[in-house]
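S.K.:
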Amino acid sequence: MAETHLRASQEAILSYTRGRMGIAAVPGSGKTWTLSHLAARLILTTDLKEDQEILVVTFSNSAADNFAARIGNFLKDYGLMPGLGYRVRTLHGLANDILHMRPELSGLSENYTIIDESVSQDIFDEIVSNWYNANPDALDNLVIKSSSEKKRQTNVLNLLKSIAKSFISTAKDLRLEPQTLFDSAAEKGVSDPIIELCLEVYRQYQSRLAYLGSVDFNDLIRLAYQSLEVDPTLVSQLSFKWPFILEDEAQDSSVLQQEILSLLTSQTGNWVRVGDPNQAINESFTTSKPSLLRTFIADSTVTSYDLPESGRSAPAIIALANQLNTWTQTRHPNMYVRDALANPQIEPTKPDDPQKNPPDSPDVVVINDRKFTSDQEVEFIARHAAEWLHENPDKTVAILAFTNNHITRFIKALQIEGVKVVDALLNVPKSTQDTVGTVTHVLNHLLKPTNVKLLGRAFRAFYRSEYKNDETRQ
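Positions 104 to 577 (this note's numbering) are the ones given, in order, by the sequence shown.
#1: Nearest by alpha-carbon distance to Leu-117: which of Lys-392, Ile-266, Glu-303, Ser-407 is it?
#2: From the DSSP output, which residues share a beta bridge with Pro-451?
#3: Please name the residue, chosen from Pro-130, Arg-255, Thr-499, Glu-520, that lies closest to Asn-460 on a Cα-to-Cα basis.
#4: What separation, rounded to the nearest whole angstrom, lies between the Cα atoms of Ser-357 and Arg-192?
#5: In the structure shown, what three-state DSSP assignment does Ala-171 receive?
#6: Starting from His-376, trace the beta strand (DSSP E) in both directions and tell me its first and last residue.
#7: Write down every uninterrupted run of the alpha helix (DSSP H) in the region 470-519 whose length is 4 residues or greater and which is fully enclosed by it, in chain order.
#8: Hey, quick one: how far does the beta strand (DSSP E) through Val-159 stretch, first residue to last?
#9: Closer than 8 Å is the cut-off here; do at least three beta carbon pairs connect the region 144-154 with the region 446-453?
#10: Which residue from Leu-492, Gln-256, Arg-563, Ser-251 puts its Cα closest to that of Leu-242?
#11: Anyone know if the C-beta pair for Ser-391 and Ala-401 falls short of 9 Å?
#12: For Pro-346, count neighbouring Cβ atoms within 10 angstroms of its own Cβ and tell me buried if that reaches 16, exposed if not.
#13: Over what stretch of residues does the beta strand (DSSP E) that includes Thr-431 continue unbroken?
#14: For Arg-325, which of helix, strand or coil comes out of DSSP?
#15: Please name the residue, chosen from Pro-411, Ser-464, Val-542, that lies closest to Ser-112 on a Cα-to-Cα basis.
#16: Where does Asn-572 fall in DSSP's three states?
#17: Keeping to the same chain, check which residues put their C-beta closer than 7 Å to that of Tyr-235; ignore five residues upstream and five downstream.
#18: Would you say the region 545-563 touches the region 215-224, given that touching needs at least three Cβ pairs under 8 Å?
#19: Looking at the structure shown, is Val-318 part of a helix, part of a strand, or coil, going by DSSP?
#20: Quick check on DSSP: helix, strand or coil for Gly-196?
#21: Let's test the definition: count the other Cβ atoms within 10 Å of the Cβ of Phe-343 and tell me whether it reaches 16, buried, or not, exposed.
#22: Nearest-angstrom Cα distance between Arg-325 and Lys-275?
#23: Using only alpha-carbon positions, find the residue among Leu-423, Asp-180, Ala-443 that is nearest to Thr-431.
#24: Using the Cα positions of Arg-121 and Gly-188, report the straight-line distance between them to the nearest angstrom.
#25: What are the uninterrupted segments assigned as alpha helix (DSSP H) that are 4 or more residues long and contained completely in the region 233-308, given in chain order?
#26: For Ile-348, count the other beta carbons within 10 Å of its own beta carbon; 16 or more makes it buried, fewer makes it exposed. Which is it?
#27: Should the region 359-375 be regarded as contacting the region 295-307, the criterion being three or more beta carbon pairs within less than 8 Å?
#28: Taking the DSSP output, what are the residues bridged to Leu-349?
#29: Assign Leu-546 to buried or exposed, taking buried as 16 or more other Cβ atoms, counted over all protein chains shown, within 10 Å of its Cβ.
#30: Ordered along the chain, which non-local residues of its own chain (more than five positions away) have a Cβ less than 6 Å from that of Cys-301?
#31: Are the CB atoms of Asp-463 and Ala-501 within a distance shorter than 9 Å?
#32: From Met-104 to Leu-145, what does the alpha carbon distance come to, in whole angstroms?
#33: Quick check: what's the CA-CA separation for Glu-106 versus Ser-163?
#34: Roughly how many angstroms lie between the CA atoms of Trp-136 and Ser-413, to the nearest whole one?
#35: Have a look at the DSSP bridge pairing and note the partners of Arg-123.
Structural data, given as structure tokens:
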């Protein structure tokens, strides 16, 4: 998008010079472009010292790479050299940078390692499985009996792994150590098999990490905050280094992640947060809280803007999304979830906008308000999908569902209707996943052959089955 085609909302945001600013952006509103452009403008207009940078923080490595490339291109347009005056990091990468500056503050050695999700999951699986095998009857009064004992055990084991992992992530976000929780449970006389499992898994999991000289991603955030909290000098040093912090995907931040950025901006007050307050994809499996962004934007000390215009969807789709938003806030039968969604509503782009909305086809959006049982709903959708495909043999249909189990039911119903189903993306075999992961780790090592961490990951991935053996691991 050329600068001559700035939307009014973008122009207002790009006029920012200092202070705290919160931006509520709808999907497709160009928030990455806007935040990248703002970073480039600040580099151009701010008197940065030689050792100062504009810090951009985002959620994923791919987003960080995208930001770095966009900012570099904007700087080229301004006649400046790309790569200077800014740093783009994920929140976990930022936490790792902080820990490496003063590892002694967190009790870590200088050569600590970070375990990835696959290794972390392997450790979880082993500890929970061992506990369940040692306590097979501990949950009998909590679990409905099943005709298939093997299926019951598998389902219970998977559920326990999920519960324990969520428990530990939350405990770390609340900065609660295993022993603190053990002592609290003993003091209150807590006697519950699920809590006992979670406490024991937490204790063993942390012991295993300590033995490996490693931390996980949750530890990175927890220990980085701890380092900043106990050392005001470190806070001052980093506040000078990063006089402006621009935060992307702010709806995905957890309490501790927000507190880290709050500490880093406490002396300068220059903090820009951008996100979609109605997006909560990560909330169900991480400690992220979209409500934190809404609270920040509503603060009287924060300058707030909306990025409401989007050219991504046809007007009928926009109207449907807005209707759902309004209905949730005003008419949802469960009063306690009416604050789950918030404004702004999505607006189509103006006629002179270079990103025009797709042509409107309101007849393609149909809302069926009949009351179905779950089975009736599956049968109804499968039957109508089959009828539509019969009338449109040159086209395809996509069905979205909440869970893999629900999708499996749709597949069976469609097959009964004689519809050929492609579910390759759903059911990728574990062996294929492992192979792709191994190739990825090996290629990463070959790209950076002197990086010992990447070599270790490649080795573990290549010898995955042997590495699960205790003797091999040691």
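Every residue, glycine too, gets a C-beta built ideally from N, C-alpha and C.
M.R.: With the structure as the only source:
#1: Ser-407
#2: Ser-413
#3: Pro-130
#4: 16 Å
#5: helix
#6: Before going on, a small fix: residue 376 reads as Arg here, not His. That run of the beta strand (DSSP E) goes 374-378.
#7: 477-494, 507-519
#8: 157-161
#9: no
#10: Gln-256
#11: no
#12: buried
#13: Here Thr-431 belongs to no beta strand (DSSP E); instead the alpha helix (DSSP H) covers 418-434.
#14: helix
#15: Pro-411
#16: Model confidence at Asn-572 stands at a pLDDT of 46, short of 50, so the residue's coordinates are unreliable and nothing is read from them.
#17: Leu-260, Leu-263
#18: yes
#19: strand
#20: helix
#21: exposed
#22: 6 Å
#23: Ala-443
#24: 17 Å
#25: 252-276, 281-290
#26: buried
#27: no
#28: Val-159, Val-375
#29: exposed
#30: Ala-267, Phe-270
#31: no
#32: Here the model assigns Met-104 a pLDDT of 39, short of 50, so the residue's position is not dependable, and the following value carries that caveat. Their backbone Cα atoms lie some 19 Å apart in a straight line.
#33: Residue placement at Glu-106 is poorly supported in this model, since its pLDDT is 49, which falls under 50; the coordinates are not used for a value here.
#34: 13 Å
#35: Trp-374
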